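See structure below.
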Amino acid sequence: MSQSIMNDVVQRVAAAVAARFRDLPVYTEPSPEGFTGPCFFVRLLKSEQNQELGRRFKRTYSLDVGFFPAAERSRESAYDMAEQLCELFADFPADDGLSHGAGINAEIKDDGTLHLYLTFRQWVWSPASEEIKMRKLRQEGKVKDGV
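To convert, note that position 147 of the sequence shown is 396 in the numbering used here; the numbers rise steadily by one, no gaps.
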(Lines of atoms letter the chains of each structure in order from A and count residues from 1; the text may use other names and numbers.)
(Lines give C-alpha, C1' and ligand atoms only; values in the text may rest on other atoms or scores of the structure.)
Protein backbone atom coordinates (compact mmCIF):
# COMPACT_ATOMS: atom_id res chain seq x y z
CA MET A 1 0.00 0.00 0.00
CA SER A 2 1.36 3.35 -0.98
CA GLN A 3 2.30 5.85 1.71
CA SER A 4 1.47 8.85 -0.46
CA ILE A 5 -2.25 8.16 -0.83
CA MET A 6 -3.14 10.53 2.04
CA ASN A 7 -1.14 13.33 0.46
CA ASP A 8 -2.70 12.55 -2.94
CA VAL A 9 -6.21 12.89 -1.50
CA VAL A 10 -5.37 16.28 0.05
CA GLN A 11 -3.72 17.48 -3.17
CA ARG A 12 -6.66 16.35 -5.34
CA VAL A 13 -9.14 18.18 -3.13
CA ALA A 14 -6.93 21.29 -3.11
CA ALA A 15 -6.57 21.11 -6.91
CA ALA A 16 -10.35 20.85 -7.35
CA VAL A 17 -10.87 23.93 -5.15
CA ALA A 18 -8.10 25.83 -6.99
CA ALA A 19 -9.59 24.96 -10.39
CA ARG A 20 -13.06 26.15 -9.36
CA PHE A 21 -11.90 29.34 -7.58
CA ARG A 22 -8.93 30.42 -9.70
CA ASP A 23 -8.56 33.88 -8.15
CA LEU A 24 -8.28 32.64 -4.53
CA PRO A 25 -5.16 31.02 -3.02
CA VAL A 26 -5.42 27.45 -1.72
CA TYR A 27 -3.02 26.32 1.03
CA THR A 28 -2.27 22.81 2.28
CA GLU A 29 0.23 23.85 4.94
CA PRO A 30 -0.63 26.00 7.98
CA SER A 31 0.66 29.54 8.13
CA PRO A 32 2.39 30.60 11.38
CA GLU A 33 0.90 34.09 11.19
CA GLY A 34 -2.57 32.86 10.17
CA PHE A 35 -4.43 33.28 6.91
CA THR A 36 -5.48 36.55 5.33
CA GLY A 37 -8.78 36.14 3.54
CA PRO A 38 -10.15 35.41 1.18
CA CYS A 39 -8.34 32.06 0.86
CA PHE A 40 -8.74 28.30 1.39
CA PHE A 41 -6.92 25.85 3.63
CA VAL A 42 -7.25 22.10 2.96
CA ARG A 43 -6.11 19.60 5.57
CA LEU A 44 -6.52 15.96 6.46
CA LEU A 45 -8.25 15.64 9.82
CA LYS A 46 -8.21 11.89 10.23
CA SER A 47 -7.56 8.70 8.31
CA GLU A 48 -8.75 5.28 9.31
CA GLN A 49 -8.17 1.77 7.98
CA ASN A 50 -10.29 -1.28 8.76
CA GLN A 51 -9.79 -4.82 7.51
CA GLU A 52 -12.83 -5.99 5.58
CA LEU A 53 -12.08 -9.49 4.34
CA GLY A 54 -8.74 -11.22 3.93
CA ARG A 55 -6.38 -8.76 2.26
CA ARG A 56 -9.09 -6.17 1.57
CA PHE A 57 -9.07 -2.94 3.61
CA LYS A 58 -11.42 0.02 3.73
CA ARG A 59 -9.73 3.38 4.23
CA THR A 60 -11.60 6.49 5.28
CA TYR A 61 -10.17 9.99 4.85
CA SER A 62 -11.79 12.92 6.66
CA LEU A 63 -10.83 16.36 5.37
CA ASP A 64 -11.53 19.96 6.31
CA VAL A 65 -11.76 22.58 3.58
CA GLY A 66 -11.51 25.89 5.42
CA PHE A 67 -12.56 29.15 3.78
CA PHE A 68 -11.30 32.37 5.31
CA PRO A 69 -13.42 35.22 3.91
CA ALA A 70 -12.46 38.86 3.63
CA ALA A 71 -13.33 40.87 6.75
CA GLU A 72 -16.32 42.66 5.23
CA ARG A 73 -19.49 40.62 4.70
CA SER A 74 -17.76 37.50 6.01
CA ARG A 75 -20.89 35.56 6.96
CA GLU A 76 -22.63 36.35 3.69
CA SER A 77 -19.65 35.17 1.63
CA ALA A 78 -19.27 32.08 3.85
CA TYR A 79 -22.89 31.06 3.17
CA ASP A 80 -22.37 31.52 -0.56
CA MET A 81 -19.10 29.59 -0.51
CA ALA A 82 -20.69 26.70 1.45
CA GLU A 83 -23.24 26.27 -1.35
CA GLN A 84 -20.59 26.33 -4.05
CA LEU A 85 -18.31 23.87 -2.25
CA CYS A 86 -21.17 21.44 -1.60
CA GLU A 87 -21.96 21.49 -5.34
CA LEU A 88 -18.29 20.99 -6.22
CA PHE A 89 -17.80 17.94 -4.01
CA ALA A 90 -21.16 16.35 -4.78
CA ASP A 91 -19.79 15.76 -8.30
CA PHE A 92 -16.16 15.18 -7.32
CA PRO A 93 -14.69 12.61 -9.75
CA ALA A 94 -14.13 9.23 -8.15
CA ASP A 95 -11.19 7.25 -9.50
CA ASP A 96 -8.31 5.16 -8.18
CA GLY A 97 -10.85 3.39 -5.96
CA LEU A 98 -11.75 6.64 -4.19
CA SER A 99 -15.47 7.20 -3.59
CA HIS A 100 -17.35 10.44 -4.17
CA GLY A 101 -17.34 12.90 -1.27
CA ALA A 102 -19.70 11.49 1.34
CA GLY A 103 -20.90 12.95 4.58
CA ILE A 104 -20.45 16.54 3.42
CA ASN A 105 -21.34 19.07 6.10
CA ALA A 106 -20.55 22.73 6.63
CA GLU A 107 -20.00 24.77 9.76
CA ILE A 108 -19.49 28.51 10.07
CA LYS A 109 -17.51 29.47 13.17
CA ASP A 110 -18.05 32.60 15.26
CA ASP A 111 -15.18 34.37 13.51
CA GLY A 112 -16.92 33.90 10.13
CA THR A 113 -14.67 31.14 8.80
CA LEU A 114 -16.32 28.29 6.93
CA HIS A 115 -15.30 24.68 7.52
CA LEU A 116 -16.58 22.13 5.03
CA TYR A 117 -16.02 18.59 6.29
CA LEU A 118 -15.72 15.79 3.71
CA THR A 119 -15.28 12.05 3.95
CA PHE A 120 -13.84 9.87 1.19
CA ARG A 121 -13.66 6.07 1.22
CA GLN A 122 -11.26 3.82 -0.62
CA TRP A 123 -10.90 0.07 -0.80
CA VAL A 124 -7.36 -1.25 -1.08
CA TRP A 125 -5.79 -4.68 -1.34
CA SER A 126 -2.59 -5.66 0.39
CA PRO A 127 -0.18 -7.68 -1.77
CA ALA A 128 -0.27 -11.45 -1.44
CA SER A 129 2.66 -13.05 0.31
CA GLU A 130 5.28 -14.75 -1.84
CA GLU A 131 5.69 -17.77 0.43
CA ILE A 132 4.82 -21.22 -0.87
CA LYS A 133 1.66 -22.47 0.81
CA MET A 134 2.02 -26.19 -0.08
CA ARG A 135 5.01 -28.24 -1.23
CA LYS A 136 3.44 -31.45 -2.57
CA LEU A 137 0.01 -32.84 -3.06
CA ARG A 138 -0.48 -36.57 -2.74
CA GLN A 139 -3.73 -38.00 -3.98
CA GLU A 140 -4.99 -41.56 -3.77
CA GLY A 141 -8.05 -43.16 -5.29
CA LYS A 142 -9.79 -46.55 -5.29
CA VAL A 143 -12.60 -48.08 -7.29
CA LYS A 144 -15.46 -49.31 -5.13
CA ASP A 145 -16.74 -52.83 -5.93
CA GLY A 146 -15.02 -52.83 -9.31
CA VAL A 147 -17.40 -50.25 -10.72
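C-beta atoms are modelled at their ideal positions from N, C-alpha and C, and glycine is treated no differently.
Every value quoted in this text rests on a predicted model; they were computed, and no experiment measured them.
Apply the 10 Å Cβ neighbour rule to Ser323 and answer buried if 16 or more other Cβ atoms are within range, or exposed otherwise.
Mapped onto the sequence shown, residue 323 falls at position 74. That one is buried.
Would you kindly work out how many angstroms separate the C-alpha atoms of Arg261 and Ala319, rounded to a whole number?
Residue mapping note: residue 261 aligns to position 12 of the sequence shown, counting from 1. Residue mapping note: residue 319 aligns to position 70 of the sequence shown, counting from 1. Their backbone Cα atoms lie some 25 Å apart in a straight line.
For Glu336, which residues in the same chain have their Cβ closer than 7 Å to its Cβ, ignoring the five residues on either side in sequence?
Along the sequence shown, one-based indexing puts residue 336 at 87. So no residue of the chain qualifies.
Please report the straight-line C-alpha distance between Phe289 and Gly361, rounded to a whole angstrom.
One-based indexing of the sequence shown puts residue 289 at position 40. One-based indexing of the sequence shown puts residue 361 at position 112. The alpha-carbon atoms of Phe289 and Gly361 are separated by roughly 13 Å.
Relative to the C-alpha of Leu367, which candidate in Pro287, Ser311, Gly303, Arg305 has its C-alpha closest?
The residue you call residue 367 lines up with position 118 of the sequence shown. When each option's Cα is compared against that of Leu367, the closest is Ser311.
Given a threshold of 16 other Cβ atoms within 10 Å of its Cβ, counted over all protein chains shown, does Leu365 qualify as buried or as exposed?
Numbered from its first residue, the sequence shown carries residue 365 at position 116. Under this definition Leu365 is a buried residue.
DSSP three-state label for Glu301, please.
Locating residue 301 in the sequence shown gives position 52, counting from the first residue. Three-state result, Glu301: strand.
Considering Ile381, what are the terminal residues of the alpha helix (DSSP H) in which it resides?
Position 132 of the sequence shown, counting from 1, holds the residue named residue 381. No alpha helix (DSSP H) contains Ile381, which DSSP labels as neither H nor E.
How would you call Leu363, buried or exposed, if buried means at least 16 neighbouring beta carbons within 10 angstroms?
Position 114 of the sequence shown, counted from the start, is the residue given in the question as residue 363. Buried is the call here.
Spatial neighbours of Glu301 within its chain, please: C-beta separation below 6 Å, excluding the five flanking residues on both sides.
Against the sequence shown, residue 301 aligns to sequence position 52. Here the set comprises Lys307.
Can you name the residues that DSSP bridges to Tyr276?
Position 27 of the sequence shown, counting from 1, holds the residue named residue 276. Answer by DSSP bridge pairing, in chain order: Phe290.
Exposed or buried, what is Gly286 when buried is set at 16 or more other beta-carbons lying within 10 Å of its beta-carbon?
Within the sequence shown, numbered from 1, the residue matching residue 286 stands at position 37. By the 10 Å Cβ count, Gly286 comes out buried.
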